[in-house]
Amino acid sequence: MKKPSIHQPIFFFFLAATLLPSILTVHSQPSPSPSPSPSPSPSPSPSDDSGFIETSCNTTLYPDVCVSSLSNFSTYVHNDPALLARAAISVTLSKALELGKYLSNVSTTLQEIQEDGGHHPTAAAVFHDCFENLKDAVDEMRGSMKQMRDLVTTGSLESFRFQMSNVQTWLSAALTDEETCTDGFKDVQDEPRKDEVCARVDGVKKLTSNALALVNRCVDNAIH
């Protein structure tokens, strides 16, 4: 049986990484509220923005990770939960793409070694499966980012709820894919990159969990 090629997935991650700067741009343009906007108020100071991020991150499972990963976005979010959620998804997508490139390289190396008869096939298969799951998670994060950008063009509560439910569904699916990514590693022995991959996937899982929590907070704030 012909072994599946992994050169196409490598190109996928190269292309995605090339386009990443445009994907990650978080504009200071406020997202629409499903209810009428209040009267304009003075722009918050940087310290106010930082406090908003810390308060928001306290609702996540990993608040320290949340604050450290989003502190650079304090001047962009302007106390806007939707912009903060977008920033969190952006950071998560960036880390997932970095990990995907690494996994792609490892998968290529292991497959070449396996073809030469120098490595147990289980390791190559597990790393490749993890790569495929992470690629699915990246697709789901990109869908989430697109929906978050679309929030700028709509102001109805019904549309807001629908779009945000899509974001929640995609992020939940991405989290599941990331968890599945490392399931097979319990069968891998004597592979020096195993612990590093598991640690890096765990980092992406924490970011994804935080992004989902911030999306949930955005929805709660909008409908209550």
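Position in the sequence shown counted from 1, then plus 565, gives you this note's numbering.
Think of the CB as a built atom: it goes at the ideal place given N, C-alpha and C, for glycine as much as any other residue.
Alpha carbon to alpha carbon, how far is residue j from residue i? Give it in angstroms, no decimals.
i: L664; j: V766; result: 8 Å
i: V691; j: K711; result: 31 Å
i: D694; j: D704; result: 16 Å
i: V673; j: H789; result: Sequence inspection shows Thr at residue 673; the Val mentioned does not correspond to that position. Cα-Cα distance, rounded: 50 Å.
i: E677; j: L772; result: 32 Å
i: L722; j: Q728; result: 10 Å
i: S596; j: K666; result: Annotation note: pLDDT 41 at S596 (below 50); position unreliable, coordinate value reported separately. Rounded to the nearest angstrom, the two C-alpha atoms are 32 Å apart.
i: S636; j: I618; result: 7 Å
i: S737; j: L779; result: 13 Å
i: G794; j: S724; result: Nothing can be reported for residue 794, as the shown portion of the chain is limited to 566 through 789.
i: C631; j: R758; result: 26 Å
i: L585; j: N698; result: Model confidence at L585 stands at a pLDDT of 47, short of 50, so the residue's coordinates are unreliable; what they give is reported in the following sentence. The straight-line gap from Cα to Cα measures roughly 19 Å.
i: R782; j: S639; result: 17 Å
i: K751; j: Q733; result: 30 Å
Is DSSP giving residue i helix, strand or coil here?
i: S587; result: Low confidence applies here, because S587 scores a pLDDT of 43, under 50, leaving its location unreliable; read the following figure in that light. S587 falls in the helix class under three-state DSSP.
i: S600; result: Confidence at S600 is low in this model, with a pLDDT of 39, below 50, so its placement is unreliable and the value that follows should be read with caution. Here S600 sits in coil by DSSP.
i: T624; result: coil
i: P646; result: helix
i: S636; result: helix
i: T747; result: coil
i: H592; result: Since pLDDT at H592 reaches only 42, below the 50 mark, its modelled position is unreliable, and the value read off the structure follows with that caveat. Coil, per DSSP.
i: Q754; result: coil
i: S721; result: coil
Please name the residue in the options whose C-alpha comes closest to that of residue i.
i: S709; options: C746, I654, N775; result: I654
i: D742; options: M706, P646, Q679; result: M706
i: A776; options: D755, T640, A647; result: A647
i: K700; options: V732, C746, Q754; result: C746
i: V642; options: D748, V762, S621, L658; result: S621
i: S803; options: A661, N644, Q679, F696; result: Outside the shown range of the chain (566 to 789) lies residue 803, about which nothing can therefore be said.
* To do: Identify every run of the beta strand (DSSP E) within the region 668-707, keeping only runs that are complete inside it and at least 3 residues long; order them along the chain.
  => Annotation note: the region 668-707 contains no uninterrupted beta strand (DSSP E) run of length 3 or greater.
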